[in-house]
Amino acid sequence: MNPERRLIEDFIPIREISVEAAREKSIRKGHISTLHLWWARRPLVAARAAVFASLVAAPESHQKRTALKQFMIDLCKWETGTPTLEKARKQILEAQKVRLNLPENTPLDEVPPPKVLDMFAGGGAIPLEALRLGCETYAVDLNPVAHIIELCTLVYPQKYGKNLADEVEKWGNWVIEKVREEIGDLYPAIRVGEILIPEGEQLELFTQSQPKQCRDVACNVSTGQSLTPVAYLWTRTVKCPNPSCGATVPLVRQTWLCKKSKKYVALQVIPNYDTKKVEFKVFESTTEKGLGFDPSSGSTRGNSICRHCGTTVPSKPYIQEQGKAGKIGQQLMAIVCTTQGEQGKTYLSGTTYQHYIPDDFAIAKRLEKIVEETGISTPDEPVKVWSGVFNAPLYGLDKFEKLFTSRQLLSLMTFVKWVKLAHQEMLQQGYEEELAKAIVTYLCLGIGKVLDRLSALGVWYTGGEKLQSPVASGRLPMCWDFPEANPLEKGSGGWEKGQEYLISTLRKLGEISNLASAKRQPCQKLDLPDFSLDAIITDPPYFDAIPYADLSDYFYVWFKRSIGYLYPEHFSGQLTPKKNEATMEPSRHGGDKKKAAKAYEDIMHQAFCEANRVLKDGGMMVVVYAHKTTAGWSTLIDSLRRAKFTITEAWPLDTEQQGGLRSLRASLASSIFLVARKRTNTEIGDYAMDVQPQLKSIIQDRVKSLMSEGVAGADLIIACVGAGLRAYTQYDKVELPNGDELDANSFLDEVQKEVLETVLTEVLLCDKKGVSFVDKPTQYYILARYEYGEAVVEFDEANTLARGVGVELDSLGGLTEGKLSLVKKTKNQVQLQDYSQRGEFEDLGIQKTEKQQKFNETPQTIGSPPTLIDILHRLLWLAEHQPQNVNNFLAQSMPDATQLKLVAQALGGRALTPEAGTTETLSNRTKEQQAIDTLLASWKRLVEDNLFTQRRS
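For the sequence shown, the positions run 65 to 1017 when the numbering used here is used.
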């Protein structure tokens, strides 16, 4: 056995670690995700698994493998205790002692710990786990916001210990008291008795025992009670373009306030023809129908309807032009309140309670005063347009200060003022300068946590009755209605709530004694010696997935105003540095996607060349990747291969919480951990003789082993593609029989074909010859069900799968064509059609005629036999709705019963169904799978006997 073989190259218990990684997503207090927002952080347990498995040797026997597997399962839990961590550190040092050829009797405390680098450190998950496992840790990132988060995660807590949390809590309380004294009047408490009642109306107050349909106040509020506002809900407005109307048009998408079981609260929009404005009234009911109106009828894709005259108000160009001219206004819809000592939210009509909103002119005056007093300007830096991510500038919100209401700006500027004054106060009290700097940096993160909810682009979550971050999803889109948080209260978006989470995390981080070396520098030029690192474990940007630099500008402009003077080397630029950022962004290259992709590949290649330089010859390189497109994968692979790395393994670790994004759309639930070694040879591989045979062996082995671990769908296919890269990247280059070089993109196509064919043999329970008897559209349907289930997916992703199978998705005669189409296409998204959507058509599964071909009713070619999936869909429908017609249909279609049964069993089989004992039970089988179960139960009588009789006759 090769002594240098590491555990991560042998096995890791991916199923158990994936379960824990997915569960970690629901953990809040104490988790670094609550320290400050950063996008696409890896789960800590997954990062811990990668670090540990990269630094210990592969087991030499089955018994040791079993013991090590159980230990890893215990280690990679959120609640892992000190004894387990201590044991892990000892195992790492024991392996390090052997690797350094130190005498066997060398005490472990004299063994130099392994040096680990994350060269795209981001939110700090990977280096934090390297610290936790006792490594000498280096964290590098170019982004100033990421660097500050890394200091607060990997350096300050370890340097100052648990007392740091007490100091941050003390000064956080000091700041909020000062801010509350200065701007508390901007968020006044609301007295229920102090209500402006429109003339001719009577305020209705109900008790809990009375019908739950209330206007203007909640059912459990009595006259004279004081309510605390926690959020204000606004709609943007424009003037009606109809010259004979000119009313104010609300652009609100929908008026739901709360959608919970037995609690449905919404706003009714009522036009006031005297004021030419609409009024908002709050209604609550125990049922949705009980409201008496449809709260969902608002603007659609930015297009609105004037509530006074019915004129359509188009987003383009009218609303965009109004925005650029500064003519988009805003109107208060509702105020969300809490009552001291009671649970739940109270919703007040914005029309009735609008007098509780401070005067804009007075706020503007105070804002001018604080700018003059502090010498700090409001953030006038430009907001760039990023297609599909940032479109707010198209509506006039082209500077960061325009992303906030005037009250929000004044509040944020006040926080900035008192955070800076806190630093001065600390120094005057004799605090050591570096400690004061650290405390104030956490106070700046506190501003970031307020900022995360406090903007005019936020979202009101009706299910949880709380504000959601506008930027957490990796986008900053224009919105037509938004919630404004009260930052002085303890709810979502408030300073105190953010501090509570921040301090809880800080206390846990203070338990780690060793600190990292966190540096802000480009990954293409590392300040590290040659051959100095034992491992590089990193999570690089995924091609065009997340625009980190542009997103972080949202925080950067405020960080610069809060602590820029303490970190002048990091906040000297107008915005975050972007020239050397690794991202595929066409706007930085004149809109040219090819140039953008080439720039990304070059930066990644240079970064991996640096990784090769600083990594020891026997060191490990682990790259976490989760991009779905072939372009993203081929770019990464080429960058690694050109930097002289060979990919030796690939492991999928599930990082999405069940019931979260995974249940909403077909995206990779897994992050793929690509394991690589430095390549010293310069051999040229022959694809036919060297690469292809090895590829087939790797794929066949990996499909079976991952299926046995419970990995399925898109995750299985991408993980197998990753493992297959070993056959390709072990050579300096690979040549085809004609002497041409095989590029990474072409190789990925070959890998995918091999993977898909192998998966089909497993799902269909037959050999490759048996697969060849199944027509291509049916193969595609089985694989697409396997990868995507019933989800709606992007066309490009589905089309990549179609090409791998060898079918056309959207061209003439493609699978999306005609009323009998196998795939439904809506704009740039597609979804498989099941038997209930296709089976009622009489022509389905019958040999095609010239008339059918003429009218494009099905993609089937004239004279060709019907596809197995068409026959199965029609058969399922008939068995359910018209069983008396099954015999006649079988006589017309005359399918091969053996092949048809293979397809039915594959689509109804356990490979396409959640395992028993998981959170998704067999009761979650789809309608089609249930229909297949019923059909298979009567297969002999319904299909085989009928076909036998017909063939005999």
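The beta-carbon is built from N, C-alpha and C at its ideal position, and this holds for glycine as well.
What does a CB cutoff of less than 7 Å around residue i pick up in its chain, not counting 5 residues either side in sequence?
i	result
T990	E854
A486	W235, W238, V239, V504, L507
V109	I81, E84, A85, E88, C140, K141, W142
D462	P446, V447
A660	M648, E649, P650, R652, H653
I247	L474, S475, T478
I610	W103, A104, G538
R517	L531, S533, A549, S556, G557
L728	Summary for L728: the model assigns pLDDT 24, below 50, so the residue's position carries little reliability; its value from the coordinates is reported in the next sentence. Counting only Cβ-Cβ distances below 7 Å, and skipping sequence neighbours, we find nothing.
K1021	Residue 1021 lies beyond the stretch modelled for the chain, which goes from 65 to 1017, so this question has no answer here.
Y792	V755, V798, F811
K513	H100, G562, L566
What are the boundary residues of the alpha helix (DSSP H) that residue i is part of?
i	result
A776	Careful: A776 lies outside any alpha helix (DSSP H) and carries neither H nor E.
L679	Premise fails: L679 lies in the beta strand (DSSP E), 679–689, not in any alpha helix (DSSP H).
Q514	For the record, residue 514 in the displayed sequence is Val; it is not Gln. V514 -> alpha helix (DSSP H) spans 497–515.
L491	470–492
K572	559–573
F953	950–957
R938	932–945
C216	208–218
S900	899–902
Q384	384–388
Output the boundary residues of the beta strand (DSSP E) element that contains residue i.
i	result
I748	748–750
L531	530–532
Q893	893–896
F859	No beta strand (DSSP E) contains F859, which is instead part of the alpha helix (DSSP H) from 859–869.
R300	290–303
I399	393–403
P547	545–549
E200	200–205
V232	Counting along the chain, V232 falls outside any beta strand (DSSP E), though it belongs to the alpha helix (DSSP H) covering 227–247.
Check the C-beta distance from residue i over to residue j and give it rounded, since I have them as a contact under 8 Å.
i	j	result
Q384	Y459	6 Å
I601	A114	5 Å
A740	T712	6 Å
L940	L999	6 Å
V209	F623	6 Å
L355	A330	6 Å
A866	E872	7 Å
L597	K680	6 Å
With C-beta atoms as the reference, is residue i less than 8 Å away from residue j?
i	j	result
S885	L876	no
P1036	T319	This structure cannot settle anything about residue 1036, because the visible part of the chain is limited to 65 through 1017.
V535	L615	yes
R69	A121	yes
L759	M771	no
A549	G557	yes
M684	A787	no
Q993	L971	yes
G310	K345	no
L206	C673	no
P293	T301	no
L515	F454	no
Please list, in chain order, all residues of the same chain as residue i whose beta carbon is under 8 Å from its beta carbon, the five residues on each side excluded.
i	result
I156	F116, L119, V120, P177, P178, L197, G198, C199
D591	K583, Q585
Quick one: what's got a C-beta closer than 6 Å to residue i's C-beta in the same chain, skipping five residues either side?
i	result
T822	I763, Q764, V767
Y618	V535
A862	V894
Y202	L181, S581
F75	none
Say whether chain C places a C-beta atom closer than 8 Å to the C-beta of residue i.
i	result
Q946	Structure shown: chain C not included; a single protein chain is present.
> In chain order, which alpha helix (DSSP H) runs of at least 4 residues are fully inside the segment 798–835?
Replying inline: 808–828
>> If we require 3 or more residues per run, which beta strand (DSSP E) segments fall completely within the segment 88–168?
In response: none
> Along the chain, which unbroken stretches of the beta strand (DSSP E) at least 3 residues long are found entirely within the segment 567–613?
Replying inline: 581–584, 597–602
>> Extract the residue ranges of the beta strand (DSSP E) inside the segment 305–380, only unbroken runs of 3 or more that lie entirely within it.
In response: 312–314, 320–324, 327–336, 341–349
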